[in-house]
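*Asks:*
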Amino acid sequence: MKPEHLKLLSDKDWRLNNLYWITDKEGKPTRFRMTPEQREYFEGIHTRNIILKARQLGFTTEVCIIQLDAALFESAKCALIAHTLNDAKRLFREKVKYSYDNLPDEIKAANPASNDSAGELVFKKGGSLYVSTSFRGGTLRHLHVSEFGKICAKYPDKAREIVTGAFEAVSTGCFATIESTAEGRAGYFFDYCQTAEKSQLQGKPLSPLDWKFFFFSWWKNPQYAIDPVESLPVRLLEYFAEMEAKHGVVVNDRQKAWYYAKEKTLGDDMKREYPTIPAEAFQQSVEGAYYAKQFRWLYTNKRIGQIPDNSHLPVHTFWDIGVGDSTAIWFVREVGRHRLLRKLRRRSPSLHEGAERPWL
67 MKPEHLKLLS
77 DKDWRLNNLY
87 WITDKEGKPT
97 RFRMTPEQRE
107 YFEGIHTRNI
117 ILKARQLGFT
127 TEVCIIQLDA
137 ALFESAKCAL
147 IAHTLNDAKR
157 LFREKVKYSY
167 DNLPDEIKAA
177 NPASNDSAGE
187 LVFKKGGSLY
197 VSTSFRGGTL
207 RHLHVSEFGK
217 ICAKYPDKAR
227 EIVTGAFEAV
237 STGCFATIES
247 TAEGRAGYFF
257 DYCQTAEKSQ
267 LQGKPLSPLD
277 WKFFFFSWWK
287 NPQYAIDPVE
297 SLPVRLLEYF
307 AEMEAKHGVV
317 VNDRQKAWYY
327 AKEKTLGDDM
337 KREYPTIPAE
347 AFQQSVEGAY
357 YAKQFRWLYT
367 NKRIGQIPDN
377 SHLPVHTFWD
387 IGVGDSTAIW
397 FVREVGRHRL
407 LRKLRRRSPS
417 LHEGAERPWL
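This is the structure:
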């Protein structure tokens, strides 16, 4: 191999953006090149990283390439954890093995690898890359957990095993990354995101064991845009105006059209799958919550909110006097329509007590 080639191979950035082949979203072979989002992560990588993201931004692909490169050129021991066994097999076959098989023969010959049905590449010079649904035992230089939010929501015992097992296999100076879309306001992923984002907003210095927060929204990806074919509903116009006024998020008409089209398919899951700001990712109610869709409609249509005090107007009371049971009193004010102020239910309150409520 020529000296100029050896010089290029000593540059990790060059290797990552020139050596490896992947398949694009249409299944066509293409050379891996970092997108702006992927480069932001690569250049800002910390020893502990947490990525809250929109869907289909290619971070799992990037990490597969980074880990393959580290195992091949740095003799690093690496592991990637997927949230299902089928995903683990697919990632190994379509990302890791495909990229390795398409390397130049000279590079593969210099450090040959063996693989088995368990989804592992073991290199002659000591590096290895393991893809599965868990990891325990041994030590790792690189660990990546894909869709950790889903693991926490659907398999809490498995999430705990990852935290107590796989995370502990990564020593202080080595690298662990967890990435996911949001999946409810509970579990390790939610807690880690909240702590890491708070530290970022406060500008706190991070220790090697603190999580560094990365957020990648849909609107940062130029591919998430289409030509408009219809007008946006008023609620979305108000939504984008609020995002711009409060958070400085400026999107063009093509991006707004893409968002509207996607929302038609995803419905209530849109903000979780394609959040505009970090807090929005966790706004979705956990699946199965009582009347989640109905309350979301009420909030969206401004049917819940503050109303004028109108304390100068009289209040009517309606009594269900309990005999040997609770007495219920409804307090109603008539302002064009009946407004129910409160209901009092107490075991046998006196008439005097009910008549002297403080809002009367």
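For the sequence shown, our numbering gives the first residue as 67, with consecutive numbering after it. Every residue gets a Cβ at the ideal spot worked out from N, C-alpha and C, and that includes glycine.
Could you give the residue range of the beta strand (DSSP E) that holds W385?
*Replies:* For W385, the uninterrupted beta strand (DSSP E) segment begins and ends at V381 to D386.
*Asks:* Using the C-alpha atoms, what's the distance from L364 back to I370?
*Replies:* 6 Å
*Asks:* Just checking my contact of A137 with L187 at CB under 8 Å: how many whole Å lie between their CB atoms?
*Replies:* 7 Å
*Asks:* I need the DSSP call for N177, collapsed to helix, strand or coil.
*Replies:* coil
*Asks:* Taking the continuous beta strand (DSSP E) assigned at S198, which residues delimit it?
*Replies:* S194 to S198
*Asks:* Can you list, in chain order, the residues of its chain with a C-beta nearer than 7 Å to that of L206? Leave out the 5 residues immediately preceding and following it.
*Replies:* K143, C144, A145, A235, V236 and C240
*Asks:* Quick one: what's A252 bridged to in DSSP?
*Replies:* Beta-bridge pairing links A252 to no other residue.
*Asks:* Comparing alpha-carbon positions, which option in Q122, S198 and I387 lies nearest K91?
*Replies:* Q122
*Asks:* I believe V315 touches W284 by the beta-carbon criterion, under 8 Å. Please report the beta-carbon distance rounded to the nearest angstrom.
*Replies:* That belief does not hold up - the Cβ atoms of V315 and W284 are roughly 10 Å apart, past 8 Å.
*Asks:* For T96, which three-state DSSP category applies?
*Replies:* strand
*Asks:* Excluding the 5 residues flanking G110 on each side, which residues of the same chain have their C-beta closer than 8 Å to its C-beta?
*Replies:* K278 and F280
*Asks:* I'd like to know if the stretch 321-340 and the stretch 298-313 are in contact, where contact means that at least 3 CB-CB pairs between them fall below 8 Å.
*Replies:* yes
*Asks:* Determine the burial state of D135: buried for a count of at least 16 other Cβ atoms within 10 Å of its Cβ, exposed for fewer.
*Replies:* D135 is buried by the Cβ-count criterion.
*Asks:* What residues in its chain sit with their C-beta under 7 Å from that of F348, if we drop five residues either side in the sequence?
*Replies:* A248, R251 and F256
*Asks:* Would you mind sorting P341 into buried or exposed? The rule is 16 or more other CB atoms within 10 Å of its CB.
*Replies:* By the 10 Å Cβ count, P341 comes out buried.
*Asks:* Please work out which residues of its chain come closer than 7 Å, Cβ to Cβ, to R411, disregarding the five sequence neighbours upstream and downstream, and give them in chain order.
*Replies:* Listed in chain order, the non-local C-beta contacts of R411 below 7 Å within the same chain comprise S392 and A394, local neighbours out to five positions each way being set aside.
*Asks:* What separation, rounded to the nearest whole angstrom, lies between the Cα atoms of T230 and F201?
*Replies:* 10 Å
*Asks:* When the Cα of M309 is compared with those of L275, P288 and E346, which residue comes out closest?
*Replies:* If we check each option's Cα against that of M309, E346 comes out closest.
*Asks:* Taking the alpha-carbon positions, what's the C130 to I373 distance?
*Replies:* Between C130 and I373, the C-alpha separation is close to 54 Å.
*Asks:* Skipping 5 residues on each side, what residues in its chain have a beta carbon closer than 7 Å to that of K190?
*Replies:* N177 and P178
*Asks:* Are A225 and G193 touching if we call contact CB-CB under 8 Å?
*Replies:* no
*Asks:* Count the CB pairs spanning the stretch 209-219 and the stretch 81-96 that are closer than 8 Å, and state whether there are at least three.
*Replies:* Contact check between the stretch 209-219 and the stretch 81-96: fewer than three CB pairs, one atom from each, fall below 8 Å, which does not count as touching.
*Asks:* Looking only at DSSP bridge pairs, what is R398 linked to?
*Replies:* In the sequence on display, residue 398 carries Val and not Arg. Per DSSP, H382 and L406.
*Asks:* Nearest to S76 by CA position, among L298, K337, F139 and G402, is which residue?
*Replies:* Looking from the CA of S76, the closest CA among L298, K337, F139 and G402 belongs to F139.
*Asks:* Whose C-beta lies closer than 7 Å to the C-beta of G354 among residues of the same chain, with five residues either side of it excluded?
*Replies:* Residue placement at G354 is flagged as unreliable, the pLDDT there being 48, under the threshold of 50; the coordinate-derived value follows with that caveat. Answer for G354: no residue qualifies.
*Asks:* Please look up how many angstroms separate the CB atoms of I228 and I116, rounded, as I've assumed it's under 8 Å.
*Replies:* With a Cβ gap of about 13 Å, I228 and I116 do not count as contacting.
*Asks:* A145 lies in the beta strand (DSSP E); which residues open and close that run?
*Replies:* K143 to I147
*Asks:* In the structure shown, what three-state DSSP assignment does I217 receive?
*Replies:* helix
*Asks:* Assuming E329 is part of the alpha helix (DSSP H), what are its boundary residues?
*Replies:* Segment D319 to L332, the alpha helix (DSSP H) holding E329.
*Asks:* Using the Cα positions of L379 and R403, report the straight-line distance between them to the nearest angstrom.
*Replies:* 13 Å
*Asks:* Keeping to the same chain, check which residues put their C-beta closer than 8 Å to that of N318; ignore five residues upstream and five downstream.
*Replies:* A291
*Asks:* With DSSP collapsed to three states, give me the class of R207.
*Replies:* strand
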